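Visitor: In this note's numbering, the protein residues as written are 37 to 468.
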RNA sequence: GGAGAGGUGGCCGAGUGGUUGAAGGCGCUGCUCUCGAAAAGCAGUGUGCGGGCAACUGUACCGAGGGUUCGAAUCCCUCCCUCUCCGCCA
């Protein structure tokens with residue numbers, strides 16, 4: 037959530053930017069609740085002070101009739117005010133949490149994804165001397181993907197991934213872990229982008245795939261209506277990204293400044309209900325209820341938050357370039373970046389078999405929006421406390437990137453060449 | 001699944017109704033001592049929220065939420081979590 041002090045100081049700005057993100061929150065009402073809340077709190081604290089004072093003077097002895105009467109009256113008054121406060125508090129918090137994070141100034145203003153700006157196109161779209169096929173037309177006949185049987189067992193939007201395509205997935209994983217663990221590469225990316233950041237490789241993490249309601253809700257990532265699966269008999273949700281169990285990892289913790297930045301690359305199977313996407317991307321494996329994903333997560337000081345975001349974007353581009361995939365770079369508009377985001381970048385890879393770009397990567401700069409509710413803070417060298425900044429970004433969403441590889445590396449005879457950088461991780465296999 | 005134990009400050013650990021935000025110890029910080037270090041001594045050392053330019057101050061917090069009471073870490077209720085043993089299982 038946003039800092040209430042910021043809202044108090046900049047009500048018009050907050051209202052404006054909230055609108056720009058397509059959210060309808062009554063900021064004036066929020067501020068009214070805020071001041072009511074504070075007024076009520078002051079009254080309550082005064083009553084409590086008097087109660088404490090009395091308890092102090094009667095310690096160890098039986099209170100007089102008169103003191104009992106005063107105490108009872110205080111109690112009644114308190115109960116009344118506290119009931120009011122509880123209601124105000126509930127409304128206040130609901131409204132405050134409804135306010136999205138403020139977009140940075142370079143985020144294009146727009147109320148539909150059409151306003152996303154393509155800021156650059158990289159890599160040549162290969163020309164084929166045959167009609168390139170979509171990935172499912174290559175993979176399904178060859179038994180690399182079986183969605184039909186998966187549908188029988190699990191329903192639509194599930195798949196059995198099989199054979200060398202599985203090997204390819206594990207090769208991608210190995211490639212990413214090696215790349216993100218390589219100090220030289222991290223240093224190079226930091227230098228090339230003039231970032232003021234520590235050279236520190238990413239630590240691989242296998243996080244839990246499920247999490248409880250309380251931390252999930254605090255992460256501002258729980259979306260019960262459209263995205264998140266819940267387990268019927270437990271207070272547990274299936275994560276929709278490793279990000280969800282990574283960003284919550286330091287829930288309610290104060291981190292020493294020396295620990296930062298913390299750079300993780302998490303690997304997890306991710307689950308999404310995809311409610312409201314019926315009929316969209318029904319073929320192939322680009323939109324599934326279940327997919328594996330490598331996700332980067334960074335905790336940093338507030339000063340370095342933006343640079344960490346830029347580093348993650350640089351890492352993403354590097355990874356995509358290494359795979360030799362043509363892509364375009366999207367600066368997402370206010371509507372599309374998501375509620376907790378201050379800025380959001382997408383990378384869309386070219387899918388020649390479908391003759392279109394498809395989103396394969398997202399980088400989210402969250403500032404302190406998540407950390408405030410998650411209560412993740414940094415103890416500065418001087419002893420002060422600050423909220424950390426969180427950043428998350430896709431390394432590779434395996435389903436989509438396998439599909440992109442299949443389509444870009446397909447051959448005339450319906451096979452798939454293995455991208456150069458993956459060959460060392462594929463044994464002798466050079467072609468699927 | 002069965003049985004049991006337990007959740008208190010950065011850590012360990014006291015504390016069953018009233019100077020307990022919390023004994024004691026450890027750790028950490030500062031000072032004294034020292035050429036320096038260690039030891040010793042002294043002092044300090046949580047977080048949120050409200051108020052204040054600030055020093056500071058009020059309030060809340062002993063797993064969570066309710067309740068009893070003039071007053072709750074302490075009594076009652078509900079829930080959550082952790083650990084141990086047995087069973088089952090990758």
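All residues carry an ideal CB built from backbone N, CA and C; glycine is no exception.
Remember, predicted model here, so these are calculated numbers, not experimental data.
What are the boundary residues of the beta strand (DSSP E) that residue 305 is part of?
Guide: Here the beta strand (DSSP E) through residue 305 covers 298 to 307.
Visitor: Would you check if there are 3 or more beta carbon pairs closer than 8 Å linking the region 284 to 297 to the region 306 to 318?
Guide: Result no; under three Cβ-Cβ pairs closer than 8 Å.
Visitor: Between the C-alpha atoms of residue 113 and residue 72, what's the straight-line distance to the nearest angstrom?
Guide: Whole-angstrom Cα-Cα distance: 17 Å.
Visitor: Would you check if the region 407 to 415 and the region 174 to 193 touch, i.e. whether three or more CB-CB distances between them fall below 8 Å?
Guide: No, the region 174 to 193 is not in contact with the region 407 to 415.
Visitor: Counting only the same chain and skipping the five closest in sequence on each side, list residues whose C-beta sits under 6 Å from that of residue 359.
Guide: Closer than 6 Å at the Cβ level, and outside the excluded window around residue 359, lie 455.
Visitor: Could you name each continuous alpha helix (DSSP H) segment of 4 residues or more that falls completely within the region 204 to 231, going from the start of the chain to the end?
Guide: Those alpha helix (DSSP H) runs which fall completely within the region 204 to 231 and span 4+ residues are 219 to 228.
Visitor: Suppose contacts are defined by Cβ-Cβ distances below 7 Å. Is residue 146 in contact with residue 371 by that definition?
Guide: Yes, the Cβ-Cβ distance between residue 146 and residue 371 is below 7 Å.
Visitor: Note down the Cα distance separating residue 377 from residue 137, rounded to an integer number of angstroms.
Guide: Distance between the alpha carbons of residue 377 and residue 137 is about 6 Å.
Visitor: Taking C-beta to C-beta, are residue 435 and residue 332 nearer than 7 Å?
Guide: Not closer than 7 Å, so no.
Visitor: Starting from the C-beta of residue 51, find all residues in its chain whose C-beta is less than 7 Å away, skip the five residues before and the five after it, and write them out in chain order.
Guide: Closer than 7 Å at the Cβ level, and outside the excluded window around residue 51, lie 63.
Visitor: With residue 168 and residue 379 assumed to form a contact (beta carbons below 8 Å), what rounded beta-carbon distance in angstroms separates them?
Guide: Going by Cβ atoms, the distance from residue 168 to residue 379 rounds to 34 Å, so no, they are not a contact pair.
Visitor: Indicate the three-state DSSP secondary structure (helix, strand or coil) for residue 429 in the structure shown.
Guide: If DSSP states are grouped into helix, strand and coil, residue 429 belongs with the strands.
Visitor: May I have the straight-line CA-CA distance separating residue 417 from residue 219, to the nearest angstrom?
Guide: For residue 417 and residue 219, the distance between alpha carbons rounds to 26 Å.
Visitor: With DSSP run on the structure shown, which of helix, strand or coil describes residue 89?
Guide: Residue 89: helix per DSSP, three-state reduction.
Visitor: With residue 398 and residue 341 assumed to form a contact (beta carbons below 8 Å), what rounded beta-carbon distance in angstroms separates them?
Guide: Not really, about 17 Å apart at Cβ, beyond 8 Å.
Visitor: Taking the Cβ atom as the reference point for each residue, do residue 415 and residue 292 lie within a distance shorter than 7 Å?
Guide: Yes. Within cutoff.
Visitor: Report all residues from its chain with a CB closer than 8 Å to the CB of residue 466; omit the five preceding and five following residues, and keep chain order.
Guide: Taken in chain order, the residues that qualify are 453, 454, 459.
Visitor: Return the bridge partner residues of residue 294 from the DSSP annotation.
Guide: The partner list for residue 294 (beta bridge, DSSP) is empty, contrary to what the question assumes.
Visitor: So, for residue 91: in the same chain, excluding its five sequence neighbours on each side, which residues have a beta-carbon less than 8 Å away from its beta-carbon?
Guide: Excluding sequence neighbours, residue 91 sits near nothing in its chain.
Visitor: Excluding the 5 residues preceding and the 5 following residue 369 in the sequence, name in chain order all residues of the same chain whose CB lies nearer than 6 Å to its CB.
Guide: Contacts found: 144, 146, 151, 152.
Visitor: Under 7 Å between the Cβ atoms of residue 268 and residue 302?
Guide: In this structure, residue 302 does not lie closer than 7 Å to residue 268 by Cβ.
Visitor: Taking residue 250 as the reference, give the member of 271, 232, 243 with the closest Cα.
Guide: Comparing Cα-Cα distances from residue 250 to each of 271, 232, 243, the minimum goes to 271.
Visitor: Indicate the three-state DSSP secondary structure (helix, strand or coil) for residue 326 in the structure shown.
Guide: Looking at residue 326 - three-state DSSP - the assignment turns out to be strand.
Visitor: Where residue 262 and residue 131 are concerned, what is the direct C-alpha to C-alpha distance, given to the nearest angstrom?
Guide: So the two alpha carbons sit approximately 21 Å from each other.
Visitor: Pick out whichever of 205, 228, 229, 299 has its Cα sitting closest to the Cα of residue 238.
Guide: Ranking 205, 228, 229, 299 by Cα distance to residue 238 puts 299 first.
Visitor: To the nearest whole angstrom, what separates the beta carbons of residue 373 and residue 385, a pair I think is in contact under 8 Å?
Guide: Incorrect: roughly 20 Å between the Cβ atoms, too far for contact.
Visitor: What three-state label does DSSP hand residue 452 in the structure shown?
Guide: Strand at residue 452.
Visitor: Buried or exposed: which applies to residue 37, given that a residue is buried once 16 or more other Cβ atoms fall within 10 Å of its Cβ?
Guide: Burial call: buried.
Visitor: Tell me the start and end of each unbroken beta strand (DSSP E) in the region 128 to 173 that is at least 3 residues and wholly inside, in chain order.
Guide: Fully enclosed beta strand (DSSP E) runs of 3 or longer: 153 to 158.
Visitor: Have a look at the DSSP bridge pairing and note the partners of residue 380.
Guide: For residue 380, which the question treats as bridged, DSSP gives the partners 400.
Visitor: Leaving out five residues before and five after residue 266 in sequence, what residues of the same chain have Cβ atoms less than 6 Å from its Cβ?
Guide: 273.
Visitor: Starting from the Cα of residue 254, find the closest Cα among 351, 240, 280, 190 and give me that residue.
Guide: With distances taken between Cα atoms, residue 254 lies closest to 280.
Visitor: Does DSSP put residue 467 in a helix, in a strand, or in coil?
Guide: Three-state result, residue 467: strand.
Visitor: If we count Cβ pairs, one from each stretch, closer than 8 Å, do we get three or more for the region 195 to 208 versus the region 334 to 350?
Guide: Contact fails: fewer than three Cβ-Cβ distances are below 8 Å.
Visitor: Exposed or buried, which one is residue 244 when buried takes at least 16 other CB atoms within 10 Å?
Guide: The residue in question, residue 244, is exposed, as its Cβ has fewer than 16 Cβ neighbours within 10 Å.
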